[in-house]
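Visitor: First, the structure itself, so that you have it in front of you.
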Amino acid sequence: MAAADILVSFLLLVAIYSILSFGLNIKFGHAGLLDFGHVAFFLVGAYAAALVVIPPDTPGDFTRYVIGLGDVPVVGTWLIAVVVAAVVAGVIGGLVALPTIRLREDYLAITLLGVSVIFQRVIQSESWLANGPDALRGYSPPLQDLFPLEMGLVSDALVVGIVVFVVWGVLSTVVLIQSRRSQGGSRTIVARLGTLGLDRIALPGGRTTTALLAAGMVALASVGLLLATGGLLIVGAVVSVYGWAVLFVELYQRYGGLPRRTLAAGTALGTGLLVALLPLPLAGSLWLQVVGTLGLLAGLIGVYYHSLQRADWAREAKLTLVAIGGLWFVGIWYFLLPVLGPLGDGDLGGVIATLLANLVWFVQFGGDVGVSYAIALVGDVTVKLGYARFQLALFVAVMLAAYVVLESAVNSPFGRVLRAIRNDEAVVQSLGKNPFVYKTQAMIIGSALAGVAGALWAMYSQGLTFRTGEPRITFIALLIVFIGGLGNNRGMVLGAAVFWAFQQATSQLAGYFPTGLRENVLAFRLVVIGVLFLLILYYRPEGLLGRGRYEADTEVDSS
Amino acid sequence: MVAETGLLNAVLTGIVTGSVIALGAIGLALVYDIADVPNFAHGDILTLGAYVALLVNVPGTVPGFGPLTAGPRSLTAAGQAVLFVLTAVSVLAIVYHLGGRRALAGGWWGIDVSPPVGLGVHAGVAVALGALVAFGAPSFLVALVFATLVAGALIPVMESRVFRKFRAREASLAMMLIVSLALSFILRYGIQTVFGGQIRRYQVDSTIPFGGGVLDITQAKNVDLALGTGGLSVAVRETGNAATQLLALRYGWLEILAILTVAALIGVAGYRRRQGTAAVIGPRLAASVGALGAIGVGGVVFAGGSTLADPAFITRVDSSPLKLATIGVALLMMTLLHYLLRATTLGKAMRATSDNRDLAMIRGINTRRVMMSVWIIAGLFGAVGGVLLGFVFANITINLGFNLLIPMFAGVILGGISVYGAILGSYIVGLAMEVGIYAIPGLDTTYRMPVAFVVLLLVLLIKPEGITGGN
Numbered sequence: 230m231a232a233a234d235i236l237v238s239f240l241l242l243v244a245i246y247s248i249l250s251f252g253l254n255i256k257f258g259h260a261g262l263l264d265f266g267h268v269a270f271f272l273v274g275a276y277a278a279a280l281v282v283i284p285p286d287t288p289g290d291f292t293r294y295v296i297g298l299g300d301v302p303v304v305g306t307w308l309i310a311v312v313v314a315a316v317v318a319g320v321i322g323g324l325v326a327l328p329t330i331r332l333r334e335d336y337l338a339i340t341l342l343g344v345s346v347i348f349q350r351v352i353q354s355e356s357w358l359a360n361g362p363d364a365l366r367g368y369s370p371p372l373q374d375l376f377p378l379e380m381g382l383v384s385d386a387l388v389v390g391i392v393v394f395v396v397w398g399v400l401s402t403v404v405l406i407q408s409r410r411s412q413g414g415s416r417t418i419v420a421r422l423g424t425l426g427l428d429r430i431a432l433p434g435g436r437t438t439t440a441l442l443a444a445g446m447v448a449l450a451s452v453g454l455l456l457a458t459g460g461l462l463i464v465g466a467v468v469s470v471y472g473w474a475v476l477f478v479e480l481y482q483r484y485g486g487l488p489r490r491t492l493a494a495g496t497a498l499g500t501g502l503l504v505a506l507l508p509l510p511l512a513g514s515l516w517l518q519v520v521g522t523l524g525l526l527a528g529l530i531g532v533y534y535h536s537l538q539r540a541d542w543a544r545e546a547k548l549t550l551v552a553i554g555g556l557w558f559v560g561i562w563y564f565l566l567p568v569l570g571p572l573g574d575g576d577l578g579g580v581i582a583t584l585l586a587n588l589v590w591f592v593q594f595g596g597d598v599g600v601s602y603a604i605a606l607v608g609d610v611t612v613k614l615g616y617a618r619f620q621l622a623l624f625v626a627v628m629l630a631a632y633v634v635l636e637s638a639v640n641s642p643f644g645r646v647l648r649a650i651r652n653d654e655a656v657v658q659s660l661g662k663n664p665f666v667y668k669t670q671a672m673i674i675g676s677a678l679a680g681v682a683g684a685l686w687a688m689y690s691q692g693l694t695f696r697t698g699e700p701r702i703t704f705i706a707l708l709i710v711f712i713g714g715l716g717n718n719r720g721m722v723l724g725a726a727v728f729w730a731f732q733q734a735t736s737q738l739a740g741y742f743p744t745g746l747r748e749n750v751l752a753f754r755l756v757v758i759g760v761l762f763l764l765i766l767y768y769r770p771e772g773l774l775g776r777g778r779y780e781a782d783t784e785v786d787s788s
Numbered sequence: 003m004v005a006e007t008g009l010l011n012a013v014l015t016g017i018v019t020g021s022v023i024a025l026g027a028i029g030l031a032l033v034y035d036i037a038d039v040p041n042f043a044h045g046d047i048l049t050l051g052a053y054v055a056l057l058v059n060v061p062g063t064v065p066g067f068g069p070l071t072a073g074p075r076s077l078t079a080a081g082q083a084v085l086f087v088l089t090a091v092s093v094l095a096i097v098y099h100l101g102g103r104r105a106l107a108g109g110w111w112g113i114d115v116s117p118p119v120g121l122g123v124h125a126g127v128a129v130a131l132g133a134l135v136a137f138g139a140p141s142f143l144v145a146l147v148f149a150t151l152v153a154g155a156l157i158p159v160m161e162s163r164v165f166r167k168f169r170a171r172e173a174s175l176a177m178m179l180i181v182s183l184a185l186s187f188i189l190r191y192g193i194q195t196v197f198g199g200q201i202r203r204y205q206v207d208s209t210i211p212f213g214g215g216v217l218d219i220t221q222a223k224n225v226d227l228a229l230g231t232g233g234l235s236v237a238v239r240e241t242g243n244a245a246t247q248l249l250a251l252r253y254g255w256l257e258i259l260a261i262l263t264v265a266a267l268i269g270v271a272g273y274r275r276r277q278g279t280a281a282v283i284g285p286r287l288a289a290s291v292g293a294l295g296a297i298g299v300g301g302v303v304f305a306g307g308s309t310l311a312d313p314a315f316i317t318r319v320d321s322s323p324l325k326l327a328t329i330g331v332a333l334l335m336m337t338l339l340h341y342l343l344r345a346t347t348l349g350k351a352m353r354a355t356s357d358n359r360d361l362a363m364i365r366g367i368n369t370r371r372v373m374m375s376v377w378i379i380a381g382l383f384g385a386v387g388g389v390l391l392g393f394v395f396a397n398i399t400i401n402l403g404f405n406l407l408i409p410m411f412a413g414v415i416l417g418g419i420s421v422y423g424a425i426l427g428s429y430i431v432g433l434a435m436e437v438g439i440y441a442i443p444g445l446d447t448t449y450r451m452p453v454a455f456v457v458l459l460l461v462l463l464i465k466p467e468g469i470t471g472g473n
């Protein structure tokens with residue numbers, strides 16, 4: 230798998246878990262409800278969605294489940310399924326809230342944990358409900374039967390156009406929002422090009438409309454191009470280049486102004502991490518692998534702490550150093566490491582092919598089906614828009630929709646009351662507002678979001694078991710909430726990205742261990758996550774991005 | 003009439019389950035009460051105990067221990083040495099937790115001792131227990147002792163390294179909950195890192211000499227109780243192909259009446275004698291022990307040797323002696339705890355701290371030592387509970403203890419957050435679980451835990467202070 234494909238599947242998981250964490254953020258970060266059973270609604274949403282889109286159960290085969298509206302024309306589609314998932318999860322969240330919301334924090338946590346375990350047990354034991362302890366399979370994600378795409382068909386070209394629209398829209402929104410902060414410079418150039426010059430016009434709805442309009446125009450152009458010439462690689466190249474431009478502009482603006490030594494130290498940290506991981510692929514015996522890597526990692530962490538003690542500038546920038554080091558490491562992993570293989574073989578064509586596959590991340594290289602090109606020095610390449618990229622566009626669109634809705638809810642008077650309840654319930658009650666009602670509403674919204682995340686998970690994993698609802702997932706969501714910052718919705722996305730980056734990295738590393746030990750290594754990963762969680766709780770409970778700051782909260786002392 | 007397992011069997015199973023839950027709930031209640039931590043990691047303490055016992059019971063199956071074993075159940079000399087060192091270090095660590103080097107020199111005893119004597123006694127106990135474990139392996143009981151000591155040494159680290167730091171920061175209750183959840187995952191997946199995910203089992207020596215012959219203690223026995231016009235009869239049979247009758251007892255109705263009357267009289271007499279004392283054996287304990295003792299003696303004295311010919315009602319109880327022994331082990335541990343709480347200085351300090359921590363500190367009680375001892379007890383009892391749980395349910399997985407977390411919380415909250423309340427609540431929850439599964443038709447055995455949860459929910463909605471709580 231090309232590094233670009235790994236990146237796509239990483240982003241898919243980030244999207245799903247961001248939505249899940251949005252839900253927990255509303256419950257805990259805003260309303261102060263410690264829901265240790267959050268995964269119950271994730272599970273309910275996933276199964277509700279799957280049971281709606283799955284074709285009806287044929288008696289006599291080895292599976293048994295209820296509902297199964299897959300054959301019904303409008304009702305059995307994914308759109309309805311996601312809505313059903315959200316509604317069912319929200320309703321169950323409300324029902325669960327009714328008797329339990331008045332409980333003290335610890336009793337609430339225990340009770341909700343119990344609820345989630347019971348849901349899991351029910352799915353596991355009641356074999357008539359959703360195929361019992363076995364997996365529920367047999368449904369396919371939305372529009373998957375259109376894939377692999379033929380560039381000549383209008384419907385397929387439209388699908389590519391939709392993906393282009395979403396990607397271009399997101400990139401343009403990001404660069405436009407940031408370009409408000411700094412006038413002129415590289416950001417404005419990229420913004421101007423990306424929005425096709427539209428950013429000079431003031432449109433109603435502001436930057437979002439500009440971005441969407443520009444994205445729409447680019448998407449239509451791509452559809453036309455595809456129908457006319459079938460030039461998927463060109464479309465992919467243009468979108469990919471725009472993506473890189475936005476990314477580099479952002480990185481430059483954020484880190485370019487830092488002093489040389491900070492950049493150098495961060496880069497050294499990232500390189501050190503790479504060196505520390507070298508024993509894993511290179512060492513012969515298991516003991517050497519474990520001892521070597523752990524020893525080098527310990528040395529790296531020791532050097533980091535030592536420099537924090539010695540140098541003031543390092544202490545002030547301690548998180549920035551880690552961020553730079555991490556980004557540097559990801560850069561090496563993405564660009565350099567995949568090329569090492571063909572480079573070692575002296576295969577120049579292979580080197581260029583790999584680089585091309587990772588640079589033009591928008592399309593998937595390889596395989597038999599797709600549009601073929603003959604490229605100089607490389608030979609024949611086949612490109613296609615893999616289903617994963619379409620799914621990513623879909624998930625990102627849903628995530629952004631959820632984000633927008635949540636931000637508006639949180640900045641509204643409703644959000645203000647929630648935060649007031651979290652601070653002091655008695656005060657809110659004395660002002661005449663019933664905290665019980667608000668808490669229940671927060672529970673419903675948070676659970677509905679978890680249900681949507683569950684539906685997306687059903688799409689992604691194409692098969693559900695009762696293990697989909699393990700308490701571990703609540704724990705991960707809680708971790709993401711704390712990494713990002715309580716109450717901070719943007720932090721949820723960052724937290725999910727940090728967590729899944731760690732997961733992907735360690736999954737790849739686990740591949741270097743003998744197969745029998747893989748389970749142990751993956752378990753160790755969770756131990757490390759637990760320890761890191763404790764460290765975050767102790768040293769930085771406000772998270773990476775800090776607690777959410779809301780427009781409605783600022784008390785302006787008139788000057 | 004054919005004997006079939008019925009309500010009485012479910013009740014007995016409920017008492018066994020309740021005993022295991024009680025062992026865990028005691029630690030949970032103590033920590034909840036005195037350290038103010040609702041410890042979500044408590045289930046994993048049980049799991050830790052269960053897995054550590056594997057090191058002694060079936061050392062050959064433990065990953066990484068291979069070079070130190072000479073077969074699935076036998077150790078090399080090096081392996082024995084390792085176990086010896088681990089046990090001795092654990093004993094010393096437990097004492098160290100109670101107050102550092104001064105505790106090792108005898109500082110935590112209620113009396114004044116010179117340091118060499120204290121050190122000597124501690125070292126002697128450590129060596130003795132170490133030798134017991136090293137040479138007693140792979141016996142199941144020795145494994146139990148080993149697991150208990152190791153857990154007692156490791157678990158207080160949770161307090162000294164984690165909870166104390168958060169408490170110093172005045173962390174909120176929600177934060178402590180999340181911290182305990184994180185510790186739960188660290189513990190559980192730490193165990194999985196070492197042991198992997200496969201299901202494991204104990205191997206228990208199944209025969210002991212009994213009454214001239216050999217008794218299989220792990221095989222279930224059928225105990226048939228019959229009631230009829232002639233009285234009550236108890237018949238004990240082996241299961242399986244042998245199906246030999248081991249024991250038959252018969253009591254006429256007059257005999258039963260006599261025994262019960264004497265037992266009641268002794269109970270009342272014991273209560274009267276002990277009323278007003280605050281000794282270890284208080285009035286209620288004296289009454290119940292006296293009554294039960296009288297019943298036992300009467301049962302032995304009046305036993306006839308046959309079974310009823312024509313019973314009106316017959317029921318069967320199906321259990322192995324070892325499973326019944328778990329009730330005995332649990333009762334023994336509870337008795338020791340009762341003695342500790344009532345008769346020792348440390349116990350008195352614990353009760354004082356539980357009532358009012360600030361007052362206890364003013365009074366000069368070393369609350370830090372009380373905290374650590376509470377965690378040590380949580381570790382000890384949790385490990386015993388975990389090993390017994392692993393034995394009773396036969397499958398040791400990493401979720402073993404976590405599956406019992408809800409029932410333990412149910413027991414603690416039902417009984418009120420105190421030691422005696424937790425014991426009472428746990429037995430009620432255990433009975434509810436087993437009798438509920440038996441009584442409600444169509445309920446699969448995997449729904450045991452949901453039944454406990456329903457109990458918990460009812461308690462929280464009706465009377466959250468529990469049975470013994472509420473001021």
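Note that the protein sequences, when read in sequence, are chains A and B. Each number in the numbering used here corresponds to the 1-based position in the first sequence with 229 added. Each number in the numbering used here corresponds to the 1-based position in the second sequence with 2 added. Note that the Cβ used here is the ideal one computed from N, Cα and C, for glycine as well. Just so we're clear, the structure is a prediction, and the values are computed from it rather than from any experiment.
1) Starting from the N-terminal side, write out each stretch of the alpha helix (DSSP H) that is 4 residues or longer and does not extend beyond the stretch 748-781 of chain A.
2) State the CB to CB distance for the pair Y429 of chain B and A24 of chain B, rounded to an integer number of angstroms; the pair is presumed to be in contact (CB under 8 Å).
3) Are three or more beta carbon pairs between the stretch 222-237 of chain B and the stretch 94-103 of chain B nearer than 8 Å?
4) Anything in chain B within Cβ reach of Y336 of chain A, meaning under 8 Å, just list it in chain order.
5) Check whether the Cβ of T195 of chain B lies closer than 9 Å to any Cβ atom in chain A.
6) Just curious, the alpha helix (DSSP H) that S92 of chain B is in, first and last residue?
7) Using a 10 Å radius around the Cβ and a threshold of 16 neighbouring Cβ atoms, would you call R490 of chain A buried or exposed?
8) Can you give me the C-alpha to C-alpha distance between A318 of chain A and D264 of chain A, rounded to a whole angstrom?
9) What does F455 of chain B reach in chain A if we use C-beta pairs closer than 7 Å?
10) Using 9 Å as the threshold, is the C-beta distance between L85 of chain B and F148 of chain B below it?
11) Can Y616 of chain A and F376 of chain A be called in contact, C-beta distance under 9 Å?
12) Does DSSP put T246 of chain B in a helix, a strand or coil?
13) Keeping to the same chain, check which residues put their C-beta closer than 6 Å to that of V87 of chain B; ignore five residues upstream and five downstream.
14) With 7 Å as the limit, tell me which residues of the stretch 179-192 of chain B have their beta carbon closer than that to any beta carbon of chain A; keep them in chain order.
15) Name the residues in the stretch 749-765 of chain A whose C-beta lies less than 7 Å from a C-beta of chain B; which are they?
16) Residues in its own chain within less than 7 Å of L406 of chain B by CB, not counting five upstream and five downstream?
17) In chain order, what residues of the same chain have a beta carbon less than 6 Å from the beta carbon of F42 of chain B, not counting five sequence neighbours either side?
18) Taking only beta carbons into account, state which residues of the stretch 352-372 of chain A come closer than 8 Å to chain B, listed in chain order.
19) Closest by CA to A315 of chain A, which one among A:L678, A:A540, A:F762 and A:L774?
20) Can you tell me whether F42 of chain B is helix, strand or coil according to DSSP?
21) Which residues of the stretch 667-699 of chain A have a Cβ closer than 7 Å to any Cβ of chain B? Give them in chain order.
22) Pull the bridge partners of R202 of chain B from the DSSP assignment, please.
23) Listing by chain order, which chain B residues have their CB less than 8 Å from the CB of R350 of chain A?
24) Rounded to a whole number of angstroms, what is the C-alpha to C-alpha distance between A136 of chain B and T697 of chain A?
25) Look up T220 of chain B in the DSSP assignment and say whether it is helix, strand or coil.
26) For K613 of chain A, write down the residues that DSSP places opposite it in a beta bridge.
27) In this structure, what does DSSP give as the bridge partners for I316 of chain B?
28) Per DSSP, what kind of secondary structure is Y294 of chain A in: helix, strand or coil?
Guide: With the structure as the only source:
1) none
2) Indexing the second sequence from 1 puts residue 429 of chain B at position 427. Indexing the second sequence from 1 puts residue 24 of chain B at position 22. Your pair Y429 of chain B and A24 of chain B checks out as a contact, with CB atoms roughly 6 Å apart and the cut at 8 Å.
3) no
4) The residue given as residue 336 of chain A occupies position 107 in the first sequence. By Cβ distance, chain B contributes I415, L462 and P466.
5) Here residue 195 of chain B corresponds to residue number 193 of the second sequence, with the count starting at 1. True, the Cβ-Cβ gap to chain A drops below 9 Å.
6) Counting from 1 along the second sequence, the entry for residue 92 of chain B is found at position 90. Here the alpha helix (DSSP H) through S92 of chain B covers A79 to H99.
7) For the purposes of this step, residue 490 of chain A is identified with residue 261 of the first sequence, where counting begins at 1. Per the 10 Å Cβ criterion, exposed.
8) Indexing the first sequence from 1 puts residue 318 of chain A at position 89. Indexing the first sequence from 1 puts residue 264 of chain A at position 35. Using only the alpha carbons, I get a separation of about 14 Å.
9) Along the second sequence, read from residue 1 onward, the residue named residue 455 of chain B stands at position 453. The answer, in chain order, is G343 and I347.
10) Looking up residue 85 of chain B in the second sequence gives position 83. Looking up residue 148 of chain B in the second sequence gives position 146. The answer is yes: Cβ separation under 9 Å.
11) Here the question's residue 616 of chain A lines up with position 387 in the first sequence. Here the question's residue 376 of chain A lines up with position 147 in the first sequence. Yes.
12) Position 244 of the second sequence, counting from 1, holds the residue named residue 246 of chain B. Of the three classes helix, strand and coil, the one that applies to T246 of chain B here is coil, per DSSP.
13) Walking along the second sequence from the start, residue 87 of chain B turns up at place 85. Here the set comprises nothing.
14) L179, I180, V181, L183, A184, F187, I188, Y191 and G192
15) Listed by position, the residues of the stretch 749-765 of chain A near chain B (Cβ gap below 7 Å) are N749, A752, F753, L755, V756, G759, V760, F762 and L763.
16) On the second sequence, position 404 is the one that residue 406 of chain B refers to. Counting only Cβ-Cβ distances below 7 Å, and skipping sequence neighbours, we find I23, G26, G45, L48 and L391.
17) The residue labelled residue 42 of chain B in the question sits at position 40 within the second sequence. Closer than 6 Å at the Cβ level, and outside the excluded window around F42 of chain B, lie S182, L183 and S186.
18) Q353 and S354
19) To locate residue 315 of chain A, count along the first sequence from 1; it is residue 86. The shortest C-alpha separation from A315 of chain A is found at A:L678.
20) Taking the second sequence and counting its residues from 1, one reaches residue 42 of chain B at position 40. Three-state result, F42 of chain B: coil.
21) none
22) The residue given as residue 202 of chain B occupies position 200 in the second sequence. DSSP lists B:I398 as partners of R202 of chain B.
23) Within the first sequence, numbered from 1, the residue matching residue 350 of chain A stands at position 121. T448, Y449, M451 and P452, listed in chain order.
24) As a position in the second sequence, residue 136 of chain B is number 134, starting the count at 1. As a position in the first sequence, residue 697 of chain A is number 468, starting the count at 1. About 43 Å.
25) Numbered from 1 along the second sequence, position 218 holds the residue referred to as residue 220 of chain B. The answer is coil: DSSP assigns T220 of chain B none of H, G, I, E or B.
26) The residue given as residue 613 of chain A occupies position 384 in the first sequence. In DSSP, K613 of chain A forms a bridge with A:Q593.
27) Numbered from 1 along the second sequence, position 314 holds the residue referred to as residue 316 of chain B. Per DSSP, B:A228.
28) Taking the first sequence and counting its residues from 1, one reaches residue 294 of chain A at position 65. Of the three classes helix, strand and coil, the one that applies to Y294 of chain A here is strand, per DSSP.
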